[in-house]
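Protein chains in written order, with the numbering used here: chain A, 1 to 464; chain B, 1001 to 1240.
Below, the structure is given as structure tokens:
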């Protein structure tokens, strides 16, 4: 008799017990897969957010990441347009790319001198069109909430977008009509509320476009230029946006790249602090990085440049993945232990109940290994059926959750995102869970099976 | 027709250890089972007849002496070798029938043939012939739970004969049957034994079985007390 057929019939013999065991396995497999799918969804969600904002790879001046974030003049990349052109023209790199774009980060002081307030800010200069393309990156097919266009789209060069925290401090909540935003209480002092110093005011006036409207949304930004001298720009705040993380929200000011470059480099040759590369797929990162290293080493060896990956630039990503991996492992081990004991118990009971049958099979010539194989097959079948049904149940649960219209606000995000569970298409997760469950089922059956195989035939036949 | 002695036991001894106490189950057993005979090992409960049958059936090992079954010295065979040996040379009929409950009558008879790796076509032919011979062709697809005690034992007889063994061992095959069914089963076994030219060895104290025996080996307290060879004009051979 084919061992599997016999094993299957033996499982069907005690249906209630087999069903109970299967139920434990199905719930276990379902729980692992649903949590795994949820964890996977969060990972992809975080990845999508980071890749949309900062790309997959960034070329930076050597040591900029560690020491240079406050010093764009010392750690700027000169001739960045040539590097970008070389990357775009590279036959190996170009098919992998969606965007290559420069960015410039700068520190400074933003002031609403009309209201007598100012604060330190961290500015980012971007090419708006490129940023809009980057925001459309959606390799994991998340539901789109908007057209992907940022608030600086179609604005003049002096337009900026600021964090809600900056708007609060600069008394811009009302003019910008920011929801849930209350202007900071101004501490009265002799110096507070006075107009900007004359020299700063003069510089600001010089920078203010002639056609600029004064609707209460203009601010001044003061930054140190390449020679260490102060430089001022008069900027038009078009929108205040929550940046998700309070520390960043209190500092952020986004602007057009040209504006940022004029603040830092004035009339000198403009530089950038990073060249951002967004790839078609995250899986292309190792190949793209390797090719990029070759390109920089061969064609731009006169500049000390290095490549940073988005995982390095955003440590929270790795920390989140690590946390979810630990949680997933913990749940998987816990469920594995439950399955181990459930199947082990079922198989042990089956061995005791079928002792005479074991003796009979041995008497008519089945080897010890044949007995062992029979019970292990029963465990394996439980594992296969449990895993298959568990996968189906998990897919059903995932489908229900994904179509229930639930949303949640992940850490570091501004808007609620759909609560989804990614099981369908996660072949590695599904196969890994199914194989894991089968291995656990086989291990559970191994001890009872060995005990059955070692039985003395005469004792087994005498068993009552 | 067999000519070789299917079983030869020389000075066989078997001891069971119950804790620190050694209990001799068989002592100095010398016996030759003649080919093509219906041999009954008779004795009271606890006399050692089942132990002797287990040794002959190679499902237990003697502690001393020499045991030759179907021409092979089996005492020192490995467990796997003994399993293979049983699957090719021996058939078993049990008191409680011991059919596999999840298999049909057909599959129960087929199972030893699968173990002996008999080709499918030959298996089919053999199983059908045997079920026909025991009168259960129409119950081939029934499971043991759907058969009466007598029918189950018929399936067990067919299963025991499936591999065309040299020797069939039956441990009190009529003990769980009423006298009418028991008589029918003995008649069937007798018929099958003659048709298949196979040696049958029973353990039994059923007078019906004893009456049908060619040879009767009487055993008491682990020793053979007498051997009756009925076809030798009731010669009584005292051996001990």
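For each residue, glycine too, the CB sits at the ideal point set by N, CA and C.
Cβ of residue i within 8 Å of any chain B Cβ
i: residue 358 of chain A; result: no
i: residue 458 of chain A; result: yes
i: residue 138 of chain A; result: no
i: residue 380 of chain A; result: no
i: residue 334 of chain A; result: no
i: residue 10 of chain A; result: yes
i: residue 6 of chain A; result: yes
Length of the line joining the Cα atoms of residue i and residue j
i: residue 317 of chain A; j: residue 44 of chain A; result: 10 Å
i: residue 81 of chain A; j: residue 57 of chain A; result: 17 Å
i: residue 166 of chain A; j: residue 408 of chain A; result: 26 Å
i: residue 1047 of chain B; j: residue 1021 of chain B; result: 18 Å
i: residue 1030 of chain B; j: residue 1069 of chain B; result: 13 Å
i: residue 329 of chain A; j: residue 41 of chain A; result: 16 Å
i: residue 234 of chain A; j: residue 222 of chain A; result: 9 Å
i: residue 1127 of chain B; j: residue 1181 of chain B; result: 23 Å
i: residue 192 of chain A; j: residue 232 of chain A; result: Annotation note: pLDDT 49 at residue 192 of chain A (below 50); position unreliable, no value reported.
i: residue 8 of chain A; j: residue 1108 of chain B; result: 16 Å
i: residue 266 of chain A; j: residue 258 of chain A; result: 10 Å
i: residue 75 of chain A; j: residue 68 of chain A; result: 6 Å
i: residue 248 of chain A; j: residue 435 of chain A; result: 44 Å
i: residue 441 of chain A; j: residue 38 of chain A; result: 25 Å
i: residue 1028 of chain B; j: residue 1005 of chain B; result: 19 Å
i: residue 325 of chain A; j: residue 452 of chain A; result: 38 Å
i: residue 459 of chain A; j: residue 338 of chain A; result: 32 Å
i: residue 1071 of chain B; j: residue 1215 of chain B; result: 20 Å
Whether residue i touches residue j by CB criterion (8 Å)
i: residue 128 of chain A; j: residue 153 of chain A; result: yes
i: residue 112 of chain A; j: residue 170 of chain A; result: yes
i: residue 382 of chain A; j: residue 431 of chain A; result: no
i: residue 254 of chain A; j: residue 178 of chain A; result: no
i: residue 371 of chain A; j: residue 361 of chain A; result: yes
i: residue 1115 of chain B; j: residue 1155 of chain B; result: no
i: residue 1204 of chain B; j: residue 1040 of chain B; result: yes
i: residue 1014 of chain B; j: residue 1051 of chain B; result: yes
i: residue 107 of chain A; j: residue 70 of chain A; result: yes
i: residue 180 of chain A; j: residue 236 of chain A; result: no
i: residue 1260 of chain B; j: residue 1223 of chain B; result: There is simply no residue 1260 of chain B to check, as chain B begins at 1001 and stops at 1240 in what is shown.
i: residue 275 of chain A; j: residue 417 of chain A; result: no
i: residue 1149 of chain B; j: residue 1177 of chain B; result: yes
i: residue 401 of chain A; j: residue 420 of chain A; result: yes
i: residue 1145 of chain B; j: residue 1036 of chain B; result: no
Beta carbon proximity, residue i to chain A, threshold 8 Å
i: residue 1102 of chain B; result: yes
i: residue 1178 of chain B; result: no
i: residue 1098 of chain B; result: yes
i: residue 1243 of chain B; result: Absent from the structure is residue 1243 of chain B, since the part of chain B shown begins at 1001 and ends at 1240.
i: residue 1241 of chain B; result: This structure leaves residue 1241 of chain B out entirely; chain B is present only between 1001 and 1240.
i: residue 1057 of chain B; result: yes
i: residue 1138 of chain B; result: no
i: residue 1083 of chain B; result: yes
i: residue 1078 of chain B; result: no
i: residue 1142 of chain B; result: no
i: residue 1034 of chain B; result: no
i: residue 1087 of chain B; result: yes
i: residue 1060 of chain B; result: yes
i: residue 1011 of chain B; result: no
Within-8 Å CB hit, residue i to chain D
i: residue 349 of chain A; result: Structure shown: chain D not included; protein chains present are A and B.
By the 7 Å beta-carbon criterion, what residues does the region 14–39 of chain A contribute toward chain B?
none
Between the region 363–374 of chain A and chain B, which residues of the former have CB atoms less than 9 Å from a CB of the latter, in chain order?
363, 364, 365, 366, 367, 368, 369 and 370
Quick one: which residues of the region 444–457 of chain A get their C-beta closer than 9 Å to a C-beta of chain B? List them in chain order.
456 and 457
Below 9 Å between beta carbons is the criterion; list the residues of the region 1105–1131 of chain B that meet it against any residue of chain A, in chain order.
1107, 1110, 1111, 1112, 1114, 1115 and 1116
If we require 4 or more residues per run, which alpha helix (DSSP H) segments fall completely within the region 64–108 of chain A?
80–89
Taking a Cβ distance cut-off of 7 Å, strictly less, list which residues of the region 1190–1217 of chain B are near chain A, in chain order.
none
By the 7 Å beta-carbon criterion, what residues does the region 387–405 of chain A contribute toward chain B?
none
Residues in the region 425–444 of chain A having any Cβ partner in chain B nearer than 8 Å:
none
Contained beta strand (DSSP E) runs [length at least 3] in the region 256–323 of chain A, N- to C-terminal order:
274–279 and 305–309
Report the residue ranges of all beta strand (DSSP E) runs contained in full by the region 1181–1210 of chain B; include only those spanning at least 3 residues, in chain order.
1199–1203
Secondary structure, beta strand (DSSP E): runs of 3+ residues fully inside the region 217–241 of chain A
218–224 and 230–241
Residue ranges of each alpha helix (DSSP H) run of no fewer than 4 residues wholly in the region 125–185 of chain A, ordered along the chain?
128–134, 164–169 and 173–176
Taking the runs of the alpha helix (DSSP H) that are 4 residues or longer, which of them lie wholly in the region 1131–1182 of chain B?
1149–1161
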